[in-house]
Amino acid sequence: MSGPENSGGHSVRLGDQTWRELEGWRDAVGVMPTGAIEQHGPHLPLAVDALLVERIAEAAAQALEPGATFVCPTLPYGYSVAHLDFCGTFSLAPETYLHVSVELGESLFSHGFRRLLFLNGHGGNVDLLKTAARTLRERGDDRVVAVASYWQIAADSIAKWRRSGPGGVSHACEMETSLMLHLFPAHVRREQIEDHIPAWTSDAILDDLQGGGRVFPGLRVADFSPTGTVGTPSLASAERGQDLFEQIVTDVHAFLADFRTWEVATMVDTPSSDA
Ligand SMILES: [Zn+2]
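When you read off a place in the sequence shown, starting at 1, and then add 110, the result is the number in my numbering.
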């Protein structure tokens, strides 16, 4: 019989494996995509964050050799209270989200896996996922847990790719709309695309995934966007979305190859005594 990494082709999805097959993957990196079900303006569907991060995770993992990494089922629901004024948005309470992410990570570690990346697709989840990562690390010395949104890993590529100025890449924006036009074109209501960059009266505030303002305002999205869109989706195109998707997948793939080598004990160079 062939080994687990050879049977049934090369599926990177944890859910496609049997428990016996997965037992052979304990050195692999576990990737958990985290999304949201929340409004994305009048032109994009509610599942954007979950759809995009899952595609990115699977494509990046697929590019590594079989058995190097697996992708857990996407956690579709997120911490989305700021969007609850818009119909169809779901949100877990922050305490619940923290519990869920810690408990899912704990399940993985209980089986002897050692590396987990929360690959995030919704900005509102980040602070809680960082808390989850620290909580999981507290409970085990050989655990390596990392948190990153895909647009952070691909920040340099996105900075070169974007055409919008400050505020153009935020929510249902130039980036997300381009990726959707490439990956899920039938889901985009092109005639409903409408830009919106809030005209903040304080220069301390800026809402952009590539670097916000100096101060984070704890607002509801409805306080600063009547449609839910924040950014310039009018600059989006399927062609540019394909270009960006390929760059993001390359960047996430490169990070996964790096992350595979991480060990808590060797993450920092210790100067030699004769130095
Ligand atoms: Zn989004």
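A virtual CB, placed ideally from N, CA and C, is assigned to each residue, including glycine.
Looking only at its chain, what residues have a beta carbon closer than 6 angstroms to the beta carbon of residue i, apart from the 5 residues adjacent to it on each side?
{"i": "Ser190", "result": "Ala146, Glu148, Thr199, Ser201 and Gly234"}
{"i": "Gly113", "result": "Because Gly113 carries a pLDDT of 35, less than 50, the predicted location of this residue cannot be relied on, and the following value inherits that uncertainty. Counting only Cβ-Cβ distances below 6 angstroms, and skipping sequence neighbours, we find nothing."}
{"i": "Thr144", "result": "Leu185, Phe228, Asn230 and Asn235"}
{"i": "Ser117", "result": "Only weak support exists for where Ser117 lies, its pLDDT of 38 falling under 50; the value from the coordinates is given anyway. Answer for Ser117: no residue qualifies."}
With H, G and I counted as helix, E and B as strand and the rest as coil, what does DSSP make of residue i?
{"i": "His153", "result": "coil"}
{"i": "Met377", "result": "coil"}
{"i": "Pro143", "result": "strand"}
{"i": "Val254", "result": "strand"}
{"i": "Arg273", "result": "coil"}
{"i": "Arg247", "result": "helix"}
{"i": "His281", "result": "strand"}
{"i": "Arg130", "result": "helix"}
{"i": "Arg123", "result": "strand"}
{"i": "Arg225", "result": "strand"}
Take the Cβ of residue i as the centre, count every other Cβ of all protein chains shown within 10 Å, and call the residue buried at 16 or more, exposed below.
{"i": "Gly351", "result": "buried"}
{"i": "Phe391", "result": "With the chain represented from 111 up to 385, any question about residue 391 goes unanswered, as that position is not in the structure."}
{"i": "Gly338", "result": "buried"}
{"i": "Arg130", "result": "exposed"}
{"i": "Pro381", "result": "exposed"}
{"i": "Glu286", "result": "buried"}
{"i": "Ser217", "result": "exposed"}
Within a Cβ cutoff of 7 angstroms, which residues of the same chain sit near residue i, ignoring the five residues on either side of it in sequence?
{"i": "Gln320", "result": "Ala265, Ile268, Ala269 and Val279"}
{"i": "Leu289", "result": "Leu162, Gly351, Leu354 and Phe355"}
Per DSSP, what are the beta-bridge partners of residue i in this structure?
{"i": "Arg370", "result": "Arg370 pairs with nothing; no bridge assigned."}
{"i": "Gly341", "result": "Val279 and His306"}
{"i": "Ser259", "result": "Asn230"}
Closer than 8 angstroms by C-beta to residue i: which residues in its own chain qualify, once you throw out the five before and the five after it? Chain order, please.
{"i": "Val389", "result": "The structure shown has nothing for residue 389, since the chain only spans 111 to 385."}
{"i": "Thr179", "result": "Val122, Ala138, Val139, Gly140, Val141, Ala171, Leu366 and Arg370"}
Mind checking if residue i is an interface residue toward chain C, Cβ cutoff 8 angstroms exclusive?
{"i": "Ser280", "result": "Judged by its chain identifiers, the structure shown contains no chain C, having just a single protein chain."}
(message) Which runs of the alpha helix (DSSP H) at least 4 residues long sit entirely within the region 152-205? Give them in chain order.
(response) 158-172
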